[in-house]
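Numbering (the UniProt record's numbering), first residue to last: 1 to 327.
Glycine included, C-beta positions come from ideal geometry on N, C-alpha and C.
All values reported here derive from a predicted model rather than from experimental measurement.
So this is what it looks like as structure tokens:
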């Protein structure tokens, strides 16, 4: 009897509700205060540099003319509504800019998206640890070269006396040097290939990290079943990379209007301007060089809205088709 009484006394008098959060938010904040302090700098930077400038989007709906204190001239400018958007859609530049932007982005996506996947698979198959490290390091280096240096390398290689023309003439593929930077039809391919070369190695890091997380027992089971290295790659490695591939593809498609700025600005000239001018160089020229700040803001806002819609659309399609999505 005494034992039963003692057991009953030790039992909790109240039972916590199912799904409840013991201690509440305040207690958890106190317990995790060091973690919140660690994330505070990133949180502040996000507020300042990502959300703070959003009030400037109002400039796309006014006729802003700089003069005097910024806030005074900003908020007292004439409200014009969608006038700048209408001007962008109706003038002759819209279709040229969109053609160049989509062509360069889609070509870069076509070549640049599968390239790091293939590179990661190739690096994963290398047996020698020393050679694998050297190969990885060499493939990463172009990413850390500034576009100023990379553009000069590309211009030198593709010049009339450059290595590319010499090889083409040596192989009798052409009788005379090709003027790559005097013919706009080549510019899209130059941008796509240079983007692929520069970012392929760095982008492969994410796929290599995903490959490293694959359970080695899956490869052992495949070997027992008699699968070759190619079949292991097709039936073990690639399925494990599927979630990473889907997420990165969603982000890549969302940035299809972000064709770049540095490479176009550094590689273009007046002879290829009809093929090199994209949204970012267009907004730079009109916004900073011509002083049409409201017009440039409207073009930039248009690009951001389209990118947002593309991310939502592709994410929804991926979720329905493969049950893989970003959110």
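Straight-line Cα distance separating residue 284 from residue 264: Indexing the chain shown from 1 puts residue 264 at position 264. Indexing the chain shown from 1 puts residue 284 at position 284. Near 12 Å, if we compare the C-alpha coordinates of residue 284 and residue 264.
Residue 234: first and last residue of the uninterrupted alpha helix (DSSP H) it sits in: The sequence position of residue 234 within the chain shown is 234, counting from 1. Counting along the chain, no alpha helix (DSSP H) covers residue 234, and no H or E run does either.
On the three-state DSSP scale, how would you describe residue 258? The residue labelled residue 258 in the question sits at position 258 within the chain shown. Judged by DSSP in its simplified three-state form, residue 258 adopts coil rather than helix or strand.
Cβ-Cβ separation, residue 259 to residue 101 (assumed contact under 8 Å), whole Å: Stepping through the chain shown from its first residue, residue 101 is reached at position 101. Stepping through the chain shown from its first residue, residue 259 is reached at position 259. The pair is a contact, with the Cβ atoms about 5 Å apart (cut-off 8 Å).
Comparing C-alpha positions only, which one of 302, 316, 71 and 209 sits nearest to residue 97? Locating residue 97 in the chain shown gives position 97, where the first residue counts as 1. Checking every option, the nearest Cα to that of residue 97 belongs to 302.
Could you tell me if the beta carbon of residue 279 falls within a distance shorter than 6 Å of some heavy atom in the ligand FMN? In the structure on display, the ligand FMN does not appear, and there are no ligands present to speak of.
Beta-carbon proximity of residue 276 to residue 289, cut-off 7 Å: Taking the first residue of the chain shown as position 1, residue 276 is located at position 276. Taking the first residue of the chain shown as position 1, residue 289 is located at position 289. Between residue 276 and residue 289, the C-beta gap is not smaller than 7 Å, which leaves the two residues out of contact.
Mark residue 20 as exposed unless 16 or more other C-beta atoms lie within 10 angstroms of its C-beta, in which case mark it buried. Locating residue 20 in the chain shown gives position 20, counting from the first residue. Residue placement at residue 20 is flagged as unreliable, the pLDDT there being 46, under the threshold of 50; a coordinate-derived value is accordingly withheld.
In chain order, what residues of the same chain have a beta carbon less than 6 Å from the beta carbon of residue 186, not counting five sequence neighbours either side? As a working mapping, residue 186 is identified with position 186 in the chain shown. Cβ within range, chain order: 180.
Skipping 5 residues on each side, what residues in its chain have a beta carbon closer than 6 Å to that of residue 325? Here residue 325 corresponds to residue number 325 of the chain shown, with the count starting at 1. Closer than 6 Å at the Cβ level, and outside the excluded window around residue 325, lie 315, 318 and 319.
Which of helix, strand or coil does DSSP assign to residue 78? Here residue 78 is taken as the residue at index 78 of the chain shown, counted from 1. The answer is strand: DSSP assigns residue 78 an E or B state.
Taking DSSP as the reference, what is the three-state secondary structure of residue 250? By one-based count along the chain shown, residue 250 stands at place 250. Taken through DSSP and simplified to helix, strand or coil, residue 250 comes out as helix.
Please classify residue 174 as buried or exposed, where buried requires at least 16 neighbouring CB atoms within 10 angstroms. The residue given as residue 174 occupies position 174 in the chain shown. Exposed, since its Cβ has fewer than 16 Cβ neighbours within 10 Å.
CB contact flag (residue 298, residue 244, <7 Å): Here residue 298 refers to the residue found at position 298 of the chain shown. Here residue 244 refers to the residue found at position 244 of the chain shown. Cβ atoms of residue 298 and residue 244: not closer than 7 Å.
Are the stretch 246-258 and the stretch 158-173 touching by the rule of at least three beta carbon pairs closer than 8 Å? The stretch 158-173 and the stretch 246-258 do not touch, with fewer than three beta-carbon pairs separated by less than 8 Å.
For the alpha helix (DSSP H) containing residue 27, name the first residue and the last one. As a first step, residue 27 is located in the chain shown; it is residue number 27 there, counting from the start. Run containing residue 27: 24-31, per the alpha helix (DSSP H) assignment.
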